[in-house]
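Chains as they are written, first to last, in our numbering: chain F, 2 to 295; chain X, 2 to 295.
A short worksheet on the structure shown next.
Number of protein chains: 2
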Amino acid sequence: MTLLDYVAEQQQFIDRTLERLIPGEQQPPEIIHRAMRYSLFAGGKRIRPILCLAAASAVSDTAPGAEVAACALECVHTYSLIHDDLPALDNDDLRRGRPTCHKQFGEAIAILAGDALLTVAFQMLSEMPGADGDRKVRLIRELSTAAGTVGGMIGGQVADLEGERQEPTAELLERIHRAKTGALLRASVRMGAICAGANEAQLDALTCYGEHIGLAFQIVDDILDVEQSSEALGKTAGKDAQQHKITFPVVYGLEESHRMAKEECEAARRALEPFGERARRLWEIAGLIVERTK
Amino acid sequence: MTLLDYVAEQQQFIDRTLERLIPGEQQPPEIIHRAMRYSLFAGGKRIRPILCLAAASAVSDTAPGAEVAACALECVHTYSLIHDDLPALDNDDLRRGRPTCHKQFGEAIAILAGDALLTVAFQMLSEMPGADGDRKVRLIRELSTAAGTVGGMIGGQVADLEGERQEPTAELLERIHRAKTGALLRASVRMGAICAGANEAQLDALTCYGEHIGLAFQIVDDILDVEQSSEALGKTAGKDAQQHKITFPVVYGLEESHRMAKEECEAARRALEPFGERARRLWEIAGLIVERTK
């Protein structure tokens with residue numbers, strides 16, 4: 002199977018699982034479930050769930066509950082996008098080529114839909130079949146830490162907001178992005194590995210992969226915001242410069258940013274060596290992340 | 002010890018535990034931890050944590066981790082207040098006699114502080130000492146379900162928002178409040194009982210207590226909004242009528258609402274009979290909830 006076929010197949014698998022795990026649009030109160038599903042099924046790339054499932058496969062053929070962990074990650078990612086797009090934060094009207102959640106449903110429902118996606122992520126992990134209590138707790142701890150304020154996603158968002166008023170240094174840039182996008186990408190790989198029963202050495206190697214891939218992802222995100230049109234991205238381009246965000250192109254320039262992304266991709270791939278052929282998909286995904294155009 | 006001394010002692014115990022579990026104000030990014038703590042240590046009554054601890058005591062002298070469950074409940078409650086007060090929702094400037102979180106820190110930080118309190122609630126349960134994995138998972142499931150969209154807190158908030166445009170019927174009123182405040186109060190009692198290792202019969206009886214006390218709490222809340230001044234409440238009074246909320250005084254009138262609150266209190270107390278003297282504090286708290294003036 003080619004990489005693109007594999008990705009498409011995994012995306013469909015994730016969508017089917019989310020469809021099953023998220024309350025239906027007919028479930029009262031309907032409006033909140035419609036809003037959650039509007040953002041959840043908006044054509045997201047499913048990078049975090051795919052990383053989770055591919056990391057599980059690198060360790061073992063069986064990883065009970067990995068599909069639930071994958072969906073929980075996507076719920077947390079989607080909640081963060083909904084809240085990030087709000088007028089008080091990034092104030093974005095466009096996401097994945099469609100009106101953002103608050104543009105479609107109003108701010109009140111968008112805030113609550115984000116809250117609900119965060120909540121349901123932990124609920125689905127607690128109700129995950131096939132895993133024992135200790136493993137579920139470990140997954141919940143991974144996800145809550147990665148989403149939290151200390152080195153996690155919220156901490157990164159806050160540092161990013163504050164960064165708009167600070168000197169754009171390499172140190173600040175790395176700290177922001179390691180938390181803002183890096184922590185959840187790292188957790189994606191780790192949660193898949195945990196579902197598959199990874200030993201410590203395997204978990205360390207995959208964590209290393211996850212950290213490099215996380216940095217590569219963010220560098221490319223920053224580059225695309227400069228180089229691509231809003232139409233190509235499906236979201237407003239050029240916002241980083243407009244909001245005086247600290248980005249890789251601002252700190253290092255475009256050419257050096259391209260080089261760094263490639264270097265992070267190679268470092269991520271080196272971490273996969275112990276897994277051999279089992280990690281083929283992770284190896285390929287690293288390339289996909291760096292070469293993507295949206 | 003008198004009831005008021007007991008309550009004061011429990012409040013101090015909760016505050017000390019929260020102090021330990023929530024990142025300090027010096028922990029970067031400082032602003033988010035300051036905002037979380039601003040709302041968390043704003044003189045809340047700690048009703049949910051106290052119910053949790055008192056329910057645990059009704060079952061057993063030892064309830065490992067009950068203080069963590071109690072704090073997780075308070076974090077979820079506080080997050081819901083922060084988001085509820087936002088301009089897009091209830092648009093409140095005053096809470097517990099002080100400026101609301103977004104008035105003090107701005108909307109962006111208030112949204113993220115709410116998100117962070119919700120996240121850290123699950124993190125602290127996953128890191129709770131003294132309980133095995135299965136028990137932690139059960140607590141996480143209780144809390145996430147009670148906070149969620151299907152019969153839980155967010156579902157109630159959405160129904161409440163939508164109710165502003167609907168016919169105020171007794172059925173709609175009960176559905177809203179059973180979810181909006183009832184679910185978390187019910188979970189408070191249940192989580193304490195679970196920490197104490199309650200059997201099914203004990204859990205059922207305490208759930209029954211929790212449901213009646215939850216309804217009593219909301220009826221009194223609605224009454225106070227009509228009868229008290231903003232100064233006495235420490236939050237804006239008269240907002241329900243102003244926002245055309247469906248409340249108990251609107252549907253039943255004030256006199257009947259008072260009678261119903263008393264009736265719910267008595268029903269709650271009857272559910273405690275199997276516990277005898279062990280449930281004395283729960284019995285007393287039921288009275289406190291109905292007789293409170295703010």
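The beta carbon of each residue, even a glycine, is placed where N, CA and C say it ideally should be.
Starting from residue i, find everything on chain F with Cβ-Cβ shorter than 9 Å and list it in chain order.
{"i": "Ile32 of chain X", "result": "Val159, Leu162 and Glu163"}
Is it true that the CB of residue j sits closer than 8 Å to the CB of residue i?
{"i": "Leu19 of chain F", "j": "Glu75 of chain F", "result": "yes"}
{"i": "Arg176 of chain F", "j": "Ala199 of chain F", "result": "no"}
{"i": "Ala184 of chain X", "j": "Gly153 of chain X", "result": "yes"}
{"i": "Leu186 of chain F", "j": "Arg49 of chain F", "result": "yes"}
{"i": "Thr150 of chain X", "j": "Pro24 of chain F", "result": "yes"}
{"i": "Gln244 of chain X", "j": "Glu165 of chain X", "result": "yes"}
{"i": "Thr79 of chain F", "j": "Gly45 of chain F", "result": "yes"}
{"i": "Leu41 of chain X", "j": "Gly193 of chain X", "result": "no"}
{"i": "Lys104 of chain F", "j": "Asp94 of chain F", "result": "yes"}
{"i": "Ala43 of chain F", "j": "Arg96 of chain F", "result": "yes"}
{"i": "Ala242 of chain F", "j": "Gln229 of chain F", "result": "no"}
{"i": "Val251 of chain X", "j": "Ala171 of chain X", "result": "no"}
{"i": "His178 of chain X", "j": "Leu216 of chain X", "result": "yes"}
{"i": "Glu285 of chain F", "j": "Leu4 of chain F", "result": "yes"}
{"i": "Glu10 of chain X", "j": "Ile32 of chain F", "result": "no"}
{"i": "Gln38 of chain X", "j": "Gln12 of chain X", "result": "Contrary to the premise, residue 38 of chain X reads as Arg rather than Gln in this sequence. It is not a contact, given that the beta carbons lie outside the stated cut-off."}
{"i": "Ile15 of chain F", "j": "Ala71 of chain F", "result": "yes"}
So residue i packs on residue j, CB below 8 Å; how close in whole Å?
{"i": "Phe276 of chain X", "j": "Ala59 of chain X", "result": "5 Å"}
{"i": "Arg142 of chain F", "j": "Gln124 of chain X", "result": "7 Å"}
{"i": "Ile112 of chain F", "j": "Leu87 of chain X", "result": "7 Å"}
{"i": "Ala197 of chain F", "j": "Ala64 of chain F", "result": "4 Å"}
{"i": "Val8 of chain X", "j": "Lys137 of chain F", "result": "About 35 Å; that fails the 8 Å criterion."}
{"i": "His213 of chain F", "j": "Ala268 of chain F", "result": "4 Å"}
{"i": "Ile290 of chain X", "j": "Val221 of chain X", "result": "7 Å"}
{"i": "Leu225 of chain F", "j": "Lys295 of chain F", "result": "7 Å"}
{"i": "Ala109 of chain X", "j": "Leu283 of chain F", "result": "Ala109 of chain X to Leu283 of chain F, Cβ: 35 Å. No contact."}
{"i": "Ala287 of chain X", "j": "Cys209 of chain X", "result": "So it is not a contact: roughly 12 Å between Cβ atoms."}
{"i": "Leu119 of chain X", "j": "Thr120 of chain F", "result": "7 Å"}
{"i": "Leu140 of chain F", "j": "Ile195 of chain F", "result": "6 Å"}
{"i": "Gly98 of chain X", "j": "Gly211 of chain X", "result": "Not really, about 28 Å apart at Cβ, beyond 8 Å."}
{"i": "Phe249 of chain X", "j": "Leu173 of chain X", "result": "So it is not a contact: roughly 12 Å between Cβ atoms."}
Taking Cβ-Cβ distances shorter than 7 Å, what residues in chain F pair up with residue i?
{"i": "Gln28 of chain X", "result": "Val151"}
{"i": "Val138 of chain X", "result": "Ser127, Gly134, Lys137 and Val138"}
{"i": "Glu108 of chain X", "result": "Ala89"}
{"i": "Ala188 of chain X", "result": "Going along chain F, no residue has its Cβ under 7 Å from Ala188 of chain X, so there is no contact; the nearest lies around 12 Å."}
{"i": "Asp116 of chain X", "result": "His84, Leu119 and Ile155"}
So which residues of chain F does residue i contact, with C-beta pairs closer than 8 Å?
{"i": "Arg142 of chain X", "result": "Gln124, Ser127 and Glu128"}
{"i": "Gly156 of chain X", "result": "Pro29, Pro30 and Ile33"}
{"i": "His24 of chain X", "result": "For the record, residue 24 of chain X in the displayed sequence is Pro; it is not His. Near Pro24 of chain X (Cβ distances below 8 Å), the residues of chain F are Thr150 and Val151."}
According to the neighbour-count rule (16 or more other Cβ atoms, all chains shown, within 10 Å of its Cβ), is residue i buried or exposed?
{"i": "Ala132 of chain F", "result": "buried"}
{"i": "Asp129 of chain X", "result": "In the sequence as presented, Asp is not what sits at residue 129 of chain X; that position holds Met. Label assigned to Met129 of chain X: buried."}
{"i": "Glu68 of chain X", "result": "buried"}
{"i": "Asp135 of chain X", "result": "exposed"}
{"i": "Leu207 of chain F", "result": "buried"}
{"i": "Gly157 of chain F", "result": "buried"}
{"i": "Asp62 of chain X", "result": "exposed"}
{"i": "Asp223 of chain F", "result": "buried"}
{"i": "Gln27 of chain F", "result": "exposed"}
{"i": "Glu265 of chain X", "result": "buried"}
{"i": "Gly254 of chain F", "result": "exposed"}
{"i": "Ala202 of chain X", "result": "exposed"}
{"i": "Asp6 of chain F", "result": "exposed"}
{"i": "Ala233 of chain F", "result": "exposed"}
Along chain X, in chain order, which residues have C-beta atoms closer than 8 Å to that of residue i?
{"i": "Ile112 of chain F", "result": "His84, Leu87, Ala89, Leu90 and Ile112"}
{"i": "Val221 of chain F", "result": "Going along chain X, no residue has its Cβ under 8 Å from Val221 of chain F, so there is no contact; the nearest lies around 25 Å."}
For a test of your reading of the model: does the CB of residue i fall under 7 Å from any non-hydrogen atom of the ligand SAH? Yes or no.
{"i": "Val138 of chain X", "result": "Within the structure as shown, the ligand SAH is missing, as the structure has no ligands at all."}
Against chain B, does residue i count as a neighbour if the rule is that its beta carbon must be under 8 Å from one of theirs?
{"i": "Thr146 of chain X", "result": "This model lacks chain B altogether, as its protein chains are F and X."}
Q: Run through the segment 73 to 118 of chain F for me and flag every whole alpha helix (DSSP H) of 4 or more residues, listed as ranges in chain order.
A: Runs of the alpha helix (DSSP H) spanning 4 or more residues and lying entirely within the segment 73 to 118 of chain F occur at 102 to 106, in chain order.
Q: Scan the segment 146 to 193 of chain F and note each continuous alpha helix (DSSP H) run of 4 residues or more that stays entirely inside, going in chain order.
A: For the alpha helix (DSSP H) assignment, the uninterrupted runs of no fewer than 4 residues enclosed by the segment 146 to 193 of chain F are, from N- to C-terminal side, 154 to 164 and 171 to 178.
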